[in-house]
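Numbering (this note's numbering), first residue to last: -13 to 459.
All residues carry an ideal CB built from backbone N, CA and C; glycine is no exception.
Keep in mind that this is a model prediction, so the values were computed, not measured.
Presented below is the structure to which this report refers.
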DNA sequence: TGAAATGTTGGGGCG
DNA sequence: ACGCCCCAACATTTC
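Given below as structure tokens:
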């Protein structure tokens, strides 16, 4: 392989041009660059909304590359076989990619790197998805962090790499290899609810992410510390969706936040801390991957969780028909937009795992079905935090009261009236979208009365606390 | 990044 | 002036 041979960039959750170390290195080399996206088993296994959103992201990224006279080559199959075929087709001498951190991707990528090196190919993995590689942060004792605040203190002054510029040009190969038609991948096949309902809420692609970051830094970040907690206000950064697919890098968000901090914007530090929560989730997933599948505190396996997904109250929770306005509003926001305000996430998680005493895995899986900003590490950490089974988790006895939360965080009922139609003479248009999105078999309509509470808050709370008190661990 | 029960304090009304 | 009660406002404890 000569030093002029093409470099394949294997894109995964890094669908951007700006601040992309692997792409940057490849373009710097002066060699032709072949961007590829591979639909392998891990992509096939994605759940409905994340998979659909990924399809949109791949399409948008191909468009962005074409503006640079490049393109995204799409191939389906086993990743190492696809790469070997592509190398044979193009004479590529190198494969670069940005690292992922979930155990399945890590295993796959490790095997592929070894196989490619055996073939004499220059296989290189780069950072970019995280500001702090999980193995570079350790406690005095040499272990990993299990509590957020010490983790924050350990990283906040470490320094974050300055974002790399987007390549001015991406050298094309002499001929482009064959590429699948994205439509043939059917990435939206599992979206059995209306993708067209969710679509208007999608913030697609790198440019949209950049302008959102800019707008947030110009306006929202000043009040972020207060307004981020109020779901009726557009007070969050709204970047989770783009961070999830790497349409923007955390480094760029961090440096923007740092500049806001220097400008005296009050909320900027809170924003930086939120970015570091994402890093903390990856840190935990890397050092303790079973956080994805098992109670991180193993004793919680003994807890009398309801684990049957078919129960009526689970169905009511998923459908946003529990009779608790805050819970239902949040669950419908999730269904309609593919995202949920963080305050809502805490409330619905507390309600499911405490008032309904359902296993957090039920909630984790539903979020994985519905979230267009789905992130394996954050989702698992969040659910185990809420359930009390995770590291640095909220104690089980800390039960959110959805009614009290309404008075604290949705005083004017802006949020609940935006997402709930029943019982209102003049429902919000977003609340009505829910009825376009749901499957007909749910058999409900906007004119129905608002559902009765499926459980009294007092009873649910008492039952959960009794179970906790009588636990045998 | 709770909520509810219980405890403490201090001001005001009143005999 | 004093004791007593009431109660709101906090603080602490408990789950």
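Every unbroken alpha helix (DSSP H) inside the region 11 to 44 [4 residues or more]: 27 to 30
Would you tell me roughly how many angstroms separate the C-alpha atoms of residue 126 and residue 137, rounded to the nearest one? 11 Å
Does DSSP put residue 307 in a helix, a strand or coil? coil
Quickly, what does DSSP pair residue 61 with across the bridge? List them, please. 24
On a CA-only basis, which of 145, 365, 108 and 94 is nearest residue 119? Give me that one, please. 145
May I ask which residues mark the beginning and end of the alpha helix (DSSP H) holding residue 81? Run containing residue 81: none in the alpha helix (DSSP H); it sits in the beta strand (DSSP E), 80 to 84.
What are the boundary residues of the beta strand (DSSP E) that includes residue -4? -7 to -3
Rounding to the nearest angstrom, what Cα-Cα distance links residue 357 and residue 168 in this structure? Straight-line measurement puts the Cα of residue 168 at about 21 Å from the Cα of residue 357.
Is the CB-CB distance between residue 381 and residue 443 below 8 Å? In this structure, residue 381 keeps its C-beta atom at 8 Å or more from the C-beta atom of residue 443.
Segment contact, 8 Å Cβ cut-off, at least three pairs: the region 168 to 178 with the region 37 to 44: Touching, per the Cβ criterion.
Taking all protein chains shown into account, do 16 or more other C-beta atoms lie within 10 angstroms of the C-beta of residue 459, making it buried, or fewer, making it exposed? Counting Cβ neighbours within 10 Å, residue 459 comes out exposed, since fewer than 16 surround it.
According to DSSP, simplified to helix, strand and coil, what is residue 316? helix
Nearest neighbour of residue 243, chosen from 221, 200 and 377 [CA to CA]: 200
From residue 153 to residue 13, what distance separates their C-alpha atoms? 7 Å
Under a Cβ-count criterion, where at least 16 other Cβ atoms within 10 Å of its own Cβ denotes burial, should residue 18 be classed as buried or exposed? Its Cβ being crowded by 16 or more others within 10 Å, residue 18 is buried.
Hey, how far is the Cα of residue 214 from the Cα of residue 235? 21 Å
Inter-stretch contact (C-beta, 8 Å, three-pair minimum) for the region 369 to 378 and the region 54 to 69: Taking one beta carbon from each stretch, the region 369 to 378 and the region 54 to 69 have fewer than 3 pairs nearer than 8 Å; the two do not touch.
Given a cut-off of 8 Å on the beta-carbon distance, is the pair residue -9 and residue 106 in contact? no
heavy atom of the ligand PLP below 7 Å from residue 217 C-beta: Of ligands this structure carries none, so the ligand PLP is not represented either.
Would you call the region -3 to 4 and the region 188 to 203 touching, i.e. three or more CB-CB distances under 8 Å? yes
Along the chain, where does the beta strand (DSSP E) containing residue 110 start, and where does it finish? 108 to 112
In the DSSP assignment, find the unbroken alpha helix (DSSP H) run with residue 100 in it and report its ends. Under the DSSP assignment, residue 100 falls in the alpha helix (DSSP H) whose first and last residues are 89 to 104.
Which runs of the alpha helix (DSSP H) fall wholly inside the region 339 to 427 and span at least 4 residues, in chain order? Fully enclosed alpha helix (DSSP H) runs of 4 or longer: 346 to 356, 362 to 373, 388 to 395, 400 to 405 and 415 to 423.
So, under 8 Å CB-CB, residue -6 and residue 72 are touching, yes? Tell me the CB distance rounded to an integer number of Å. 6 Å
By the 10 Å Cβ neighbour count, where 16 or more other Cβ atoms means buried, how is residue 340 classified, buried or exposed? buried
Does the pairing of the region 98 to 116 with the region 129 to 143 give three or more beta-carbon distances under 8 Å? Segments in contact, no.
So which of 347, 23 and 31 has the shortest CA-CA distance to residue 43? It is 23 whose Cα lies nearest to the Cα of residue 43.
Of the residues 330, 456 and 210, which one's Cα is nearest the Cα of residue 319? Taking only the C-alpha atoms, the option nearest residue 319 is 330.
Throw me the rounded Cβ distance for the residue 202 and residue 223 pair, which I believe falls under 8 Å. 5 Å
Can you name the start and end residues of the alpha helix (DSSP H) that residue 211 belongs to? 210 to 213
Selection from 8, 27, 16 and 47 that minimises the alpha carbon distance to residue 82: 8
Is residue 111 closer than 8 Å to residue 99 when the C-beta atoms are compared? yes
Who are residue 292's beta bridge partners in DSSP? 344
In angstroms with no decimal places, state the Cα-to-Cα distance between residue 348 and residue 334. 12 Å
Within 10 angstroms of its Cβ, does residue 394 collect 16 or more other Cβ (buried), or is it exposed? exposed
Are the beta-carbon atoms of residue 435 and residue 408 separated by less than 8 Å? yes
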